Amino acid sequence: MLKIGLGRKGVKMPCIEVVKCMKTDIPCSILGISRGPSPVILGSQESLPVAAAFTEYVHAVFEDGELEGSGMRISGELTMSFPGGILRVFGGSTPPPVLSFRLVHTSDVEHFIPNSDLLYSDLSQSDHSCKDFWLNMPRLTCHLQNLAEQHTAPYYNVVLLKYQVRHSSCSVTLSSF
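Quick note: the sequence shown uses the UniProt record's numbering, first residue 1, plus one each step.
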């Protein structure tokens with residue numbers, strides 16, 4: 001399991017826990033096709049390795065010079081990066097399996113704003129300390145193809161969701177050297 005996130009002393013920030021891996025049967029006709037910069041060669045294997053990276057951007061805004069209280073807003077953005085070569089896999093004749101992930105330590109998150117074109121979430125989850133998401137794979141594939149048509153790049157970044165943390169749950173200590 002992969003867990004990433006940003007935390008401060010006493011405050012648990014959301015972090016990602018990958019809950020499913022892609023599983024598929026790859027036809028032997030794909031044998032020998034590389035996924036771009038990855039040294040892995042696709043063959044007839046049961047698991048499909050996916051090279052992707054999650055990046056979390058955290059923004060803190062302090063109004064009127066106040067470090068605590070109502071003058072502070074903390075928000076974040078979760079981006080997933082895919083190698084350009086993944087389009088050969090996602091755009092193949094067999095539809096790709098669904099990618100999913102779980103955010104943990106989310107009880108202090110006030111608002112989630114998922115990318116409604118690409119991301120699904122179960123709004124009825126009873127456990128408020130975690131939140132499950134899964135990607136709409138046909139739309140993700142289309143989005144990545146559109147990015148590739150605009151410009152060729154080794155990696156493509158896709159904004160998955162934005163969030164806002166309750167200001168009452170955060171205390172921030174700033175220091176300079």
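C-beta: ideal position from N, C-alpha, C; glycine also. All values derive from a computational prediction rather than experimental measurement.
- Looking at the DSSP output, residue 112 sits in a beta bridge with 163.
- Taking residue 163 as the centre and dropping the five residues before and after it, the same chain places the C-beta of 76, 109, 112 closer than 6 Å to its C-beta, in chain order.
- Residue 118 places its beta carbon less than 7 Å from that of residue 139.
- In this structure, the straight-line span from the alpha carbon of residue 59 to that of residue 79 is close to 14 Å.
- Between the C-alpha atoms of residue 98 and residue 127 there is a straight-line separation of about 22 Å.
- Pairing residue 121 with residue 133 gives a Cβ-Cβ distance under 7 Å.
- Pairing residue 91 with residue 74, the inter-Cα distance amounts to about 37 Å.
- Sequence-distant Cβ neighbours of residue 107 in its own chain, meaning closer than 6 Å and more than five residues away, are 128, 129.
- Straight-line spacing of the CA atoms in residue 103 and residue 114 works out to 12 Å.
- Taking the Cα of residue 147 as reference, the smallest distance to any Cα among 95, 86, 124, 57 is reached at 86.
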